[in-house]
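Here is the structure we will look at.
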Amino acid sequence: MKKILATLVLASLLLTGCKDDPEPGSMMVRFSMNQNGEAVNLNETFGTDSVAALRIEALKFYISSLKLNGHGQLAAVEVVDFSEGRVDFTFNNIEAGSYSGLNFTLGLSEDQNASNPIDYATGHPLSASWGLYWSWAMKYRFVLLEGRGATDGTIDGSSSDFFIALHPGADGLSQYVNLDQGITVSEGTTVIYDVAIDVDELWDGPGGYIDLPNENQSHTTPSDYYLAEKFIENFAAAMHKR
Numbered sequence: 001m002k003k004i005l006a007t008l009v010l011a012s013l014l015l016t017g018c019k020d021d022p023e024p025g026s027m028m029v030r031f032s033m034n035q036n037g038e039a040v041n042l043n044e045t046f047g048t049d050s051v052a053a054l055r056i057e058a059l060k061f062y063i064s065s066l067k068l069n070g071h072g073q074l075a076a077v078e079v080v081d082f083s084e085g086r087v088d089f090t091f092n093n094i095e096a097g098s099y100s101g102l103n104f105t106l107g108l109s110e111d112q113n114a115s116n117p118i119d120y121a122t123g124h125p126l127s128a129s130w131g132l133y134w135s136w137a138m139k140y141r142f143v144l145l146e147g148r149g150a151t152d153g154t155i156d157g158s159s160s161d162f163f164i165a166l167h168p169g170a171d172g173l174s175q176y177v178n179l180d181q182g183i184t185v186s187e188g189t190t191v192i193y194d195v196a197i198d199v200d201e202l203w204d205g206p207g208g209y210i211d212l213p214n215e216n217q218s219h220t221t222p223s224d225y226y227l228a229e230k231f232i233e234n235f236a237a238a239m240h241k242r
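Sequential numbering from 1 applies to the sequence shown in the UniProt record's numbering.
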């Protein structure tokens, strides 16, 4: 009888202990483009202070050392590609609780930037799959933004149109991004952490004002390095929790 009672007590304690251990949750980090709180999609025309009409036709960029404050690293490197719909990433087995925010690097570390894409399987962020490796420079583009603009407000192939190709990428250009708005992860559920890129702030931010009709091409060469630097600094500052 005493053995039975002891067994029941032990089983009860084990069940109680199991109930006290919370199940982990999951978090999705999702990127979007926004203007005045409204979504902006690829190939949509909109206006900014820098130019009357603007159309972003391609946008992809690297994020590295992605961390949840109070939890640790979520990913060493990821690539965001709006054309491919690769704009969200889900991370599992996160302890339920409140966290003070998210931080990451826009761009790559020097070691990552020195990688050879042939060393990675197709689909890996550092493989050649994403079209971000510069074979001539043996380095990666940290951000690729391409599109068109028009000074007369209409993108129609006329003489007022111009092409945009901004490709910052070099050691020393990566930017630290700290999003200090908190988030709560609950047991057994997935919470979404939305990161919005303010398309107006891309052209006017801490890096400086970008006069798009006249400053629209940079491949991080010596002659246009200043523009690559301005753009990536503005890009990092344009990211906000939505």
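Glycine included, each C-beta is placed from N, C-alpha and C at the ideal position.
Put simply, the backbone Cα of G172 is about 29 angstroms away from that of M28. The secondary-structure analysis by DSSP pairs F89 across a beta bridge with V29. For E201 and F235, the gap between their C-alpha atoms comes out near 7 angstroms. Under the rule that a run must span 3 or more residues, the beta strand (DSSP E) segments found entirely inside the region 51–78 read 53–68. Beta-bridge annotation (DSSP): M239 is paired with I197.
Beyond the five residues adjoining it in sequence on each side, A170 comes within less than 6 angstroms, by CB distance, of T220 in the same chain, given in chain order. A Cβ-Cβ contact shorter than 8 angstroms links F61 with L106.
In the structure shown, E229 falls within a helical segment according to DSSP collapsed to helix, strand and coil. Note on W136: under 16 other CB atoms within 10 angstroms of its CB, so exposed under the neighbour-count rule.
For D161, the enclosing beta strand (DSSP E) stretches over residues 161–166.
C-alpha of S83 to C-alpha of I56: approximately 11 angstroms in a straight line. The C-beta of P168 has 16 or more other C-beta atoms within 10 Å across all chains shown, which makes the residue buried. Listed as beta-bridge partners of W134 by DSSP are K139.
Q181 is not bridged by DSSP to any residue.
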